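**Student:**
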């Protein structure tokens, strides 16, 4: 799970480029729409998240093995990606940020719970396959 710079690093590791964001977002809230899968499964659509960044993954360079799973509604920037085969996920926003609303924490916890559930399932699958 990559958060912010980690999200961007996942993009770069698979061949994407990083560019300046359309607008700087430091401590700003944005509504996020998503595909209701992976780590975002079960979240409201849209949900609000806190952003602290001035750089983003350049969608024009996103490799086919990385899928966009969320975008901000205010500027259309990529807010989440996931690998199409492996349990690799990134979010540009900060799920750990409490922000201005009690729901930020609840939604952030849901993202982390989803990630841990996926990681546990994948770990169990790998253990079974290695027997």
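Residue numbers (our numbering): 100 to 230.
Beta carbons: idealized from backbone N, C-alpha and C, even for Gly.
All figures in this text were calculated on a predicted structure; none of them were measured in a lab.
If residue 101 and residue 189 are in contact, beta carbons under 8 Å, what's the gap, nearest whole angstrom?
**Tutor:** Position 2 of the chain shown holds residue 101. Position 90 of the chain shown holds residue 189. About 4 Å separates the two Cβ atoms, so the contact holds.
**Student:** Could you give the uninterrupted runs of the beta strand (DSSP E) lying entirely in the segment 102-142, keeping only those of 3 residues or more?
**Tutor:** You should have 117-133.
**Student:** Using the C-alpha atoms, what's the distance from residue 223 back to residue 177?
**Tutor:** What you label residue 177 is simply residue 78 of the chain shown in a count that begins at 1. What you label residue 223 is simply residue 124 of the chain shown in a count that begins at 1. Distance between the alpha carbons of residue 177 and residue 223 is about 31 Å.
**Student:** Are the beta-carbon atoms belonging to residue 149 and residue 108 less than 8 Å from one another?
**Tutor:** For this step, residue 149 is matched to residue 50 along the chain shown. For this step, residue 108 is matched to residue 9 along the chain shown. Their beta carbons are not under 8 Å apart, which means residue 149 does not touch residue 108 by this criterion.
**Student:** Return the CA-CA distance between residue 207 and residue 166, expressed in angstroms with no decimal places.
**Tutor:** If you number the chain shown from 1, residue 207 lands on position 108. If you number the chain shown from 1, residue 166 lands on position 67. Near 21 Å, if we compare the C-alpha coordinates of residue 166 and residue 207.
**Student:** Mark residue 162 as exposed unless 16 or more other C-beta atoms lie within 10 angstroms of its C-beta, in which case mark it buried.
**Tutor:** The count along the chain shown starts at 1 and reaches residue 162 at position 63. So residue 162 counts as exposed.
**Student:** Where do the ends of the beta strand (DSSP E) carrying residue 147 lie?
**Tutor:** For the purposes of this step, residue 147 is taken as the residue at position 48 of the chain shown. Run containing residue 147: 146-156, per the beta strand (DSSP E) assignment.
**Student:** Alpha carbon to alpha carbon, how far is residue 194 from residue 121? Give it in angstroms, no decimals.
**Tutor:** One-based indexing of the chain shown puts residue 121 at position 22. One-based indexing of the chain shown puts residue 194 at position 95. Straight-line Cα distance between these residues: approximately 21 Å.
**Student:** From the DSSP output, in three-state form, read off residue 215 for me.
**Tutor:** As a position in the chain shown, residue 215 is number 116, starting the count at 1. It is helical.
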